[in-house]
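Residue numbers (my numbering): 23 to 331.
Comments concern the structure below.
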């Protein structure tokens with residue numbers, strides 16, 4: 023099997039990877055399209071130093087083997103946290119923080135290969151009308167919808183999105199859909215043009231401009247800027263994950279009574295619904311063969327990924 027393997031130091035393209043073997047709780051999925059995200063790039067920098075395995079967690083695939091016969095032959099996307107249903111967090115409604123959870127591309131084999139296995143309960147069938155090239159955005163868009171589960175975004179509320187990359191565009195779309203007055207703060211004028219239909223854009227924001235500030239820079243420098251941009255008693259939603267440590271003035275948090283909310287994965291249902299109904303539109307994914315993974319990782323495109331035929 024062909025795929026991209028992380029050996030603890032670097033990513034390596036291999037053609038001799040063993041086929042995954044499923045158990046009764048998991049389905050075998052033939053990958054059609056998988057996508058690179060910032061977390062994959064951080065893995066290469068040492069974000070998950072104990073991880074060894076096939077990289078990647080954003081995918082669209084076809085179920086080839088499953089104990090749920092209704093899924094066989096269906097195109098699916100999959101939630102990335104495999105959970106135990108028995109630990110403290112699973113029993114208290116926080117299963118995505120399961121003490122025994124495994125995650126493709128971060129703690130178990132992922133989707134940058136021709137096949138993968140995933141718990142059947144994690145799979146969501148893609149509507150026939152939704153193209154594979156669009157459905158692949160379900161996981162990162164779900165992460166944006168998670169914000170609405172965590173904070174109260176009111177209509178007309180000034181919400182800032184710090185960052186002008188892929189995740190920031192998903193977040194800005196969701197905040198716009200929720201009725202917020204969205205401003206995107208970025209560094210790149212060309213990237214900011216993608217946001218102009220749904221948000222105000224700026225490279226030079228005023229301090230204390232936002233009741234809610236979503237930090238999605240992917241940089242350890244982002245949190246310090248977020249603290250300066252959010253209003254007193256406002257909320258920062260922290261989306262970035264990175265290998266490096268961040269240095270911030272913690273005294274500003276209690277002095278200004280700022281709430282910081284960590285935010286990770288999110289609900290697939292509203293993401294699939296928004297993509298299917300066309301209420302959220304994202305730029306096309308740029309497709310590569312898996313052997314050309316370095317080109318995909320270096321691509322300046324909105325989204326790059328691997329097509330398996």
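Positions of the beta carbon are idealized from the N, C-alpha and C atoms, including for glycine.
The beta strand (DSSP E) enclosing residue 289, as first and last residue numbers: Element bounds for residue 289: n/a, residue is neither H nor E.
Beta-carbon proximity of residue 312 to residue 26, cut-off 8 Å: yes
Endpoints, the beta strand (DSSP E) within which residue 115 is located: Counting along the chain, residue 115 falls outside any beta strand (DSSP E), and DSSP gives it neither H nor E.
Whether residue 328 touches residue 56 by CB criterion (8 Å): yes
For residue 224: DSSP bridge partner residues: 207
Proximity below 8 Å, CB of residue 304 to CB of residue 159: yes
Opening and closing residue of the beta strand (DSSP E) in which residue 85 lies: 80-87
CA-to-CA distance, residue 271 to residue 41, given in whole angstroms: 49 Å
Assigned secondary structure, residue 50 (DSSP; H/G/I helix, E/B strand, else coil): strand
Cβ separation of residue 148 and residue 169, assumed to be a contact under 8 Å, to the nearest whole Å: No, residue 148 and residue 169 are not in contact; Cβ-Cβ is about 23 Å, not under 8 Å.
Beta-carbon proximity list for residue 123, same chain, < 7 Å, skipping 5 on both sides: 103, 104, 105
Contact check, residue 283 vs residue 263, beta carbons under 8 Å: no
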